[in-house]
């Protein structure tokens, strides 16, 4: 057996031809369709909650956090769609790469890390919020409401701290074309770390993701423990339970990114790089789950969020009907105005 036949990803392709490190035109179109459906839907939800933020249904720390998390979700998804998903389509890869390392691309590279850490921190914050609000609704809401903006600023700075050096590290697109990619060129977005920080980003990510994932899981379990405790002796609002379930869904969706990271990290240290390249296969799907499924979770669990979407759809239909009616009226008026006058019969 030659070296090529021993490569795991090529052996898998004999049974599953679609498992490739590059994207076909069909795959790219499919991801594009997901983007043009899900991103506007998520934007409608975010804008709808923001407009109603002073109403009793949405005037809570949970929905304020959901707005911020949603904006970052969309920005992170679009960032990766351009720098990651499109770069796996060979014609686009050849078009955008290779590039000269620049600082402004380093800022884009930093932004990706910042978004990932911020979303994980916000998921942890939501789980902590659910626990204390369910355990002590009045006191919990007062404390979280008073400290909300201070905590958001702190979390934004905390997310930037572990990877600040990426801002001053030039980034670029490079071409990879080897046996793992079936000798088809794909582009990879990478950077040149400053001296002394070559392994820092990876090591920081390993520690941060383990710490955040473990803590968020523990808080979610404690939240459901608090729900069981309160159900036995006191009344608990049904919506609070649903928002706690949302916190679980958010945690599970974010594990797609964590698993993706560890797949690439540990796979890159093996003699056969197939696992690392397999991470490229699932990467676009992981970002769809990580960034866009929170919108679906909110719709499924909150009747008020569903009403935002339904109202938007109804308004869109009414506007379309009004436009059609207006256009018809204009055409009728023009036809009357331009019609040739009939000759009167002379008696």
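Residue numbers (my numbering): 43 to 389. We treat Cβ as the ideally placed atom computed from N, Cα and C, and that holds for glycine.
Evaluate the contact criterion for the region 130-150 versus the region 89-104: three or more CB pairs, one atom per stretch, below 8 Å.
no
Since residue 216 sits in a beta bridge, which residues does DSSP pair it with?
Taking the first residue of the chain shown as position 1, residue 216 is located at position 174. DSSP lists 230 as partners of residue 216.
In terms of residue numbering, what span does the alpha helix (DSSP H) encompassing residue 122 cover?
For this step, residue 122 is matched to residue 80 along the chain shown. From DSSP, the alpha helix (DSSP H) with residue 122 extends over 103-122.
Return helix, strand or coil for residue 62, following the three-state DSSP convention.
The sequence position of residue 62 within the chain shown is 20, counting from 1. Residue 62: coil per DSSP, three-state reduction.
Is residue 333 near residue 187, with beta carbons less than 9 Å apart?
On the chain shown, residue 333 is found 291 positions in, with the first residue counted as 1. On the chain shown, residue 187 is found 145 positions in, with the first residue counted as 1. No, Cβ-Cβ distance for residue 333 and residue 187 is not below 9 Å.
Output needed for residue 49: all residues of its chain with C-beta closer than 8 Å, excluding positions within five of it in sequence on either side, in chain order.
Within the chain shown, residue 49 is the residue found at index 7, counting from 1. Taken in chain order, the residues that qualify are 221, 222, 314 and 316.
List the endpoints of the continuous alpha helix (DSSP H) containing residue 190.
On the chain shown, residue 190 is found 148 positions in, with the first residue counted as 1. Its alpha helix (DSSP H) spans residues 179-202.
Might you give, ordered along the chain, the residues of its own chain that have their beta carbon closer than 7 Å to the beta carbon of residue 281, omitting 5 neighbours on each side?
By one-based count along the chain shown, residue 281 stands at place 239. There are no such residues.
Using only the alpha-carbon positions, how far apart do residue 203 and residue 119 sit?
Here residue 203 is taken as the residue at index 161 of the chain shown, counted from 1. Here residue 119 is taken as the residue at index 77 of the chain shown, counted from 1. The alpha-carbon atoms of residue 203 and residue 119 are separated by roughly 22 Å.
Could you tell me if residue 107 is buried or exposed, where buried requires 16 or more neighbouring beta carbons within 10 angstroms of its beta carbon?
As a position in the chain shown, residue 107 is number 65, starting the count at 1. Residue 107 should be labelled buried.
CB-CB under 7 Å to residue 104, same chain, minus the five flanking residues each way: which ones, in chain order?
Counted from its first residue, the chain shown places residue 104 at position 62. Taken in chain order, the residues that qualify are 168, 171 and 285.
Give a yes or no on contact between the region 290-309 and the region 150-165, applying the rule of three or more CB pairs nearer than 8 Å.
yes
In this structure, does DSSP put residue 144 in helix, strand or coil?
In the chain shown, residue 144 corresponds to position 102, counting from 1. Residue 144 falls in the strand class under three-state DSSP.
With DSSP run on the structure shown, which of helix, strand or coil describes residue 162?
What you label residue 162 is simply residue 120 of the chain shown in a count that begins at 1. Residue state, collapsed to three classes: helix.
Leaving out five residues before and five after residue 127 in sequence, what residues of the same chain have Cβ atoms less than 6 Å from its Cβ?
Translated into positions along the chain shown, residue 127 becomes position 85. Taken in chain order, the residues that qualify are 73 and 326.
Could you give the distance in angstroms between the alpha-carbon of residue 378 and the alpha-carbon of residue 354?
Residue mapping note: residue 378 aligns to position 336 of the chain shown, counting from 1. Residue mapping note: residue 354 aligns to position 312 of the chain shown, counting from 1. Bear in mind that a pLDDT of 45 at residue 378, under 50, signals an unreliable position, so the model cannot answer this.
Kindly list the residues whose CB is nearer than 7 Å to the CB of residue 198, restricted to its own chain and excluding five residues on each side of it in sequence; keep chain order.
Translated into positions along the chain shown, residue 198 becomes position 156. Cβ within range, chain order: 160.
Looking at the C-beta of residue 304, does it have a partner C-beta in chain C at a distance below 9 Å?
Here there is only one protein chain, and chain C is not present.
Could you have a look at residue 384 and say whether DSSP puts it in helix, strand or coil?
Here the question's residue 384 lines up with position 342 in the chain shown. Confidence at residue 384 is low in this model, with a pLDDT of 45, below 50, so the placement of that residue is unreliable and no value is reported for it.
Between which two residues does the alpha helix (DSSP H) holding residue 326 run?
By one-based count along the chain shown, residue 326 stands at place 284. Run containing residue 326: 316-343, per the alpha helix (DSSP H) assignment.
From which residue to which residue does the alpha helix (DSSP H) around residue 90 run?
Here residue 90 refers to the residue found at position 48 when the chain shown is read from its first residue. Per DSSP, residue 90 belongs to the alpha helix (DSSP H) from 67-93.
Would you tell me roughly how many angstroms separate the C-alpha atoms of residue 151 and residue 95, rounded to the nearest one?
Translated into positions along the chain shown, residue 151 becomes position 109. Translated into positions along the chain shown, residue 95 becomes position 53. So the two alpha carbons sit approximately 33 Å from each other.
Neighbourhood of residue 388 by C-beta, 7 Å cutoff - its chain only, sequence neighbours within 5 removed:
For the purposes of this step, residue 388 is taken as residue 346 along the chain shown, with counting starting at 1. Any reading at residue 388 must be qualified, since the residue scores a pLDDT of 37, below 50, and its modelled position is unreliable; no value is offered.
Contacting residues, own chain, Cβ-Cβ under 8 Å from residue 76 (five flanking each side not counted)
As a working note, residue 76 is residue 34 in the chain shown. Within the same chain, residue 76 has close Cβ partners 330 and 334.
Are there 16 or more other CB atoms within 10 angstroms of the CB of residue 262, so buried, or fewer, so exposed?
Your numbering for residue 262 matches position 220 in the chain shown. By the 10 Å Cβ count, residue 262 comes out buried.
May I have the straight-line CA-CA distance separating residue 174 from residue 292, to the nearest angstrom?
Counting from 1 along the chain shown, the entry for residue 174 is found at position 132. Counting from 1 along the chain shown, the entry for residue 292 is found at position 250. Going from the Cα of residue 174 to the Cα of residue 292 covers about 18 Å.
Does the structure place the region 74-93 close enough to the region 334-349 that three or more beta carbon pairs sit under 8 Å?
yes
For residue 258 and residue 234, what's the separation of their Cα atoms in angstroms?
Within the chain shown, the letter at position 216 stands for residue 258. Within the chain shown, the letter at position 192 stands for residue 234. So the two alpha carbons sit approximately 32 Å from each other.
Please list the terminal residues of the continuous alpha helix (DSSP H) segment that includes residue 136.
The sequence position of residue 136 within the chain shown is 94, counting from 1. Looking at the DSSP string, the run of the alpha helix (DSSP H) that includes residue 136 is 132-138.
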